[in-house]
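Q: Below is a structure I'd like to ask you about.
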Ligand code: FAD
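Numbering (my numbering), first residue to last: 17 to 466.
And the structure:
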C-alpha cells in the first residue's frame, strides 16, 4: 500500500522544523525526501539565530575591551575588522550546513536541493521538472522578511543581506521595533556604526514587559542609538557617493549608508501550489493547522514559521518532532504546548522573558504581586559602566504561583532558561525563596526578591 507513493513523507523546506521532522520520521521507518531551495539548515542556521548570535558575541567585545581597562588590562592598538568576522561566521555556517546535510543523509533522507511545489493530490513537482508522489506532505517553508513599499524602497536591505555586507556601514538606519531591529541596532552600534531606528509607532518590542522595554530604550539611547518614533518612510534616493538619502514623514531627512527593514516576517506560502489542493490559509497568508499541525487537507501538515504560531526555532523543532512521532510512530498523537514559551532579545544588554507581562497578568488574574530588583551588576560597577539591570517577578497573589519573570541585564537569556523551568512547572515564589542563592551572581536576584 505504502509503495503506491514514491515516499511516505515529502517535506518542503529543510529548516529547523523540516529537518527535525524528516530525520525523526525516517528514524521511525518512513521513506522520506526533503526539498530545499536555498541552503539546508534554513533561516536559523543560515541567516537567523546562529550567525546573528555570532555577531552579537563579536559586538560585545567592544564593551568588554573597554571595560577590561578598569580590571587592570592595557589593550593597545585594538581595531575591528568586519570582513574578517563576516567571513569567519560564514565559514562556520558552511560547516553547520554540512552537518545538517550529513544528518539527513545518515538517516536515509533523500535531499533535493531545489524548489518544490504541490501540483496535485499527493503530488510534488521539483524545479527540475521531476514529479514525485508522497503519502504525506509536510510544509515547513518558514517565513521571509517583509519589505516596505515606497519610492526607492528597493535600495533597502533586510536581515538576509546584513550578514554579507561588503563593508561595515558608517551610518545604518533600521526600520522596525521588534527583536531583529533591536538586535541589529545593538550589533552595528557596538561595531562603531552610527545607528538609528525608525519606527511607525512609539513602542518597541511589543509583547515584552513595559518596564524592560523602557529600560532597553534608555540604555540604547545612552549607548548612542537614535530613535525616530511615529515616523514612516517617504522615499529613498541614492546620492552620487552611493550613500542613501532618506525622506521621512515625521522627522528630518537623513543620509545613511544602509537602510535595513526589520518590519516582520511573512509566512512563505506564495507559489507553493497550496491552492491546487485547497489548503486553507489565514489572513497573513499563514497555513491554518490544528493542534497536531494538520491542515484542512488530511495528508498535508505544516510546522514552523509558515503556520505563524510562535516564530521561534525551538518551537518549529518541537512541532516537527511532534508531527513525526504522531504520524510515524506508535505513540498517541500529540501536539505542542505553546504556552509559557521563554524567549530572548539579544540586544545590548539582552532581555529575556517567560510567562505573563505585568499588564497581561493584571488583565487576566487581577490580583497580582510584582517584585522588582533594579541593580547594577558588579562587573558594571567595577567597569564604571552606568548600566542598570532590571528583574521582575509577577505572582498570582492568591496562590503565590510565579506567572511571569522578566529580565534585562548581562546574561539574562542564559539565566532565564533555568528560571523558565520553574515557571513552566508552576512553582511559587516560596519555592524560589526556599532556594539558596549562589553568591555572588546576577541570577541570585531571582531567589532574593523582597
Ligand atoms: P526556516 O528555518 O525558515 O526553513 C524554511 C526553509 O524552507 C528555508 O530554508 C527555505 O529556503 C525553504 N523553502 C521555502 N520555500 C521552499 C520551497 N517551495 N521549496 C523548497 N524549499 C523551500 N529564532 C529563535 O528561536 N532565536 C533567535 O535568536 C532567532 N533569531 C533570528 C534572527 C533572525 C535575523 C531571523 C530572520 C530569525 C530568527 N529566529 C530566531 C527565527 C527562526 O530563525 C525561525 O523561527 C526558524 O528558522 C523557523 O524554522 P522553520 O523550519 O519554520 O523555517
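Beta carbons: idealized from backbone N, C-alpha and C, even for Gly.
Does at least one heavy atom of the ligand FAD sit under 7 angstroms from the Cβ of residue 197?
A: no
Q: Please name the residue, chosen from 439, 410 and 465, that lies closest to residue 225 on a Cα-to-Cα basis.
A: 410
Q: In whole angstroms, what separates the C-alpha of residue 229 from that of residue 275?
A: 23 angstroms
Q: Return the first residue and the last residue of the beta strand (DSSP E) that residue 389 is part of.
A: 384–392
Q: Can you tell me the Cβ-Cβ gap for residue 104 and residue 239, rounded? I've got them flagged as a contact below 8 angstroms.
A: Actually they are not in contact, since the Cβ atoms of residue 104 and residue 239 sit about 25 angstroms apart, beyond 8 angstroms.
Q: Just confirm the distance between the C-beta atoms of residue 78 and residue 206, as a whole number of angstroms; I'd bet it's less than 8 angstroms.
A: 4 angstroms
Q: To the nearest angstrom, how far is the alpha carbon of residue 30 from that of residue 430?
A: 27 angstroms
Q: Quick check: what's the CA-CA separation for residue 17 versus residue 316?
A: With a pLDDT of 46 at residue 17, under the threshold of 50, the modelled position of that residue is not reliable, and the figure given next carries that caveat. Whole-angstrom Cα-Cα distance: 18 angstroms.
Q: Given residue 353, which residues of its chain have a CB within under 8 angstroms of its CB, disregarding the five upstream and five downstream residues?
A: Cβ neighbours of residue 353 within its own chain (closer than 8 angstroms, five residues either side excluded): none.
Q: Can you list, in chain order, the residues of its chain with a C-beta nearer than 6 angstroms to that of residue 26? Leave out the 5 residues immediately preceding and following it.
A: 49, 140, 150 and 153
Q: When the distance is taken between beta carbons, is residue 218 closer than 8 angstroms to residue 246?
A: In contact: residue 246 and residue 218 (Cβ atoms closer than 8 angstroms).
Q: Name the residue from 34, 138, 418 and 396 whose alpha carbon lies nearest to the alpha carbon of residue 427.
A: With distances taken between Cα atoms, residue 427 lies closest to 396.
Q: Residue 298 and residue 282 - do their beta-carbons sit closer together than 8 angstroms?
A: no
Q: Taking C-alpha atoms, which residue in 125, 102 and 89 lies nearest to residue 51?
A: 125
Q: By Cβ distance, which residues of its chain are closer than 7 angstroms to residue 112, with the 5 residues on each side in sequence left out?
A: Contacts found: 57, 61 and 66.
Q: Distance check for residue 369 and residue 477, CA to CA, integer angstroms please.
A: The chain is shown from 17 up to 466; residue 477 falls before or after that span and cannot be answered.
Q: Between residue 44 and the rest of its own chain, which residues show a CB-CB distance below 6 angstroms, the 5 nearest in sequence each way excluded?
A: 344 and 345
Q: Is residue 287 closer than 8 angstroms to residue 133 when the C-beta atoms are compared?
A: yes
Q: Measuring straight from C-alpha to C-alpha, what distance separates residue 183 and residue 204?
A: 12 angstroms
Q: For a test of the three-state rule: what should DSSP assign to residue 17, helix, strand or coil?
A: Per-residue confidence for residue 17 stands at a pLDDT of 46, beneath the threshold of 50, marking its modelled position as unreliable; the derived number appears in the next sentence. Note: residue 17 maps to coil in three-state DSSP.
Q: Please determine whether the Cβ atom of residue 316 lies at a distance below 7 angstroms from any heavy atom of the ligand FAD.
A: no
Q: Please classify residue 20: is it buried, with 16 or more other beta-carbons within 10 angstroms of its beta-carbon, or exposed?
A: Answer is exposed; the Cβ neighbour count stays below 16.
Q: Quick check: is any heavy atom of the ligand FAD less than 7 angstroms from the C-beta of residue 464?
A: no
Q: So, is residue 311 buried or exposed, given that buried needs 16 or more other C-beta atoms within 10 angstroms?
A: If you draw a 10 Å sphere on the C-beta of residue 311, you find 16 or more other C-beta atoms in it, and that means buried.
Q: Whole angstroms is fine: what's the gap from residue 234's alpha carbon to residue 142's?
A: If I take the Cα positions, the gap works out to 50 angstroms.
Q: Give the C-beta separation of residue 284 and residue 157 to the nearest angstrom, bearing in mind that I take them to be a contact with Cβ-Cβ under 8 angstroms.
A: 4 angstroms
Q: Hey, is residue 154 close to the ligand FAD, as in C-beta under 7 angstroms from one of its heavy atoms?
A: no
Q: Fully enclosed by the segment 355–382, which alpha helix (DSSP H) runs are 4 residues long or longer?
A: 374–380
Q: Hey, how far is the Cα of residue 107 from the Cα of residue 378?
A: 48 angstroms
Q: Alpha helix (DSSP H) containing residue 81: first to last residue?
A: 65–84
Q: Considering only C-alpha positions, which residue in the set 465, 37, 380 and 181 is nearest to residue 123?
A: 37
Q: Can you check the segment 244–322 for any beta strand (DSSP E) of at least 3 residues that lies completely inside it and give the ranges in chain order?
A: 248–254, 260–265, 270–272, 274–277, 281–283 and 316–318
Q: Closer than 7 angstroms: is that where the CB of residue 260 sits relative to any heavy atom of the ligand FAD?
A: No.
Q: Reducing DSSP to helix, strand and coil, say where residue 345 ends up.
A: coil
Q: Can you list, in chain order, the residues of its chain with a C-beta nearer than 7 angstroms to that of residue 349? Leave out the 5 residues immediately preceding and following it.
A: 308 and 342
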